[in-house]
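The block underneath contains the structure these notes are about, expressed in structure tokens.
Numbering (the numbering used here), first residue to last: 364 to 443.
Printed below as a string of structure tokens:
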């Protein structure tokens with residue numbers, strides 16, 4: 364599956380959209396498998412590019428999420 368060109372990607376398979384939305388690539392989702400838990404930073408937290416900012420747990424493994432850019436968390440998708 365090709366990655367959309369309007370996103371900026373990290374080597375760890377996270378992406379950053381122009382509006383500040385962060386996510387993981389389709390490749391990462393395929394490799395991780397069924398996701399059972401996600402830990403994300405609180406609104407107002409600062410994150411640093413290339414540093415861990417959260418955790419994603421699947422039936423296969425637990426992996427850190429790395430910030431694709433430095434900044435401040437302004438919203439978190441609680442549906443995750």
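The beta-carbon is built from N, C-alpha and C at its ideal position, and this holds for glycine as well.
Rounded C-alpha distance that separates residue 364 from residue 388 | Within the chain shown, numbered from 1, the residue matching residue 364 stands at position 1. Within the chain shown, numbered from 1, the residue matching residue 388 stands at position 25. Confidence in residue 364 is poor, its pLDDT being 49 and thus under 50, which makes the residue's placement unreliable; the coordinate value appears in the next sentence. About 10 angstroms.
Can you round the beta-carbon distance between residue 403 and residue 417 to whole angstroms, since I take them to be within the 8 angstroms contact cut?
-> In the chain shown, counting from the first residue as 1, residue 403 sits at position 40. In the chain shown, counting from the first residue as 1, residue 417 sits at position 54. That belief holds up - the Cβ atoms of residue 403 and residue 417 are roughly 5 angstroms apart, short of 8 angstroms.
Let me know if residue 377 comes out buried or exposed under the rule of 16 or more other beta-carbons within 10 Å of its beta-carbon.
-> In the chain shown, counting from the first residue as 1, residue 377 sits at position 14. Residue 377 should be labelled buried.
Mind checking which residues open and close the alpha helix (DSSP H) that includes residue 375?
-> Along the chain shown, one-based indexing puts residue 375 at 12. Looking at the DSSP string, residue 375 is not in any alpha helix (DSSP H), and its letter there is neither H nor E.
Would DSSP call residue 393 helix, strand or coil?
-> Walking along the chain shown from the start, residue 393 turns up at place 30. Reduced to three states, the DSSP call for residue 393 is helix.
From residue 436 to residue 383, what does the alpha carbon distance come to, in whole angstroms?
-> Residue 436 sits at position 73 when you count from the first residue of the chain shown. Residue 383 sits at position 20 when you count from the first residue of the chain shown. Taking the straight line from one Cα to the other gives about 9 angstroms.
C-alpha distance - residue 423 paired with residue 394, whole-angstrom precision | As a first step, residue 423 must be located in the chain shown, where it is residue number 60. As a first step, residue 394 must be located in the chain shown, where it is residue number 31. Computed Cα separation, rounded: 9 angstroms.
Which residue from 411, 431, 415, 420 puts its Cα closest to that of residue 381?
-> The count along the chain shown starts at 1 and reaches residue 381 at position 18. Selected option, being the one with the closest Cα: 431.
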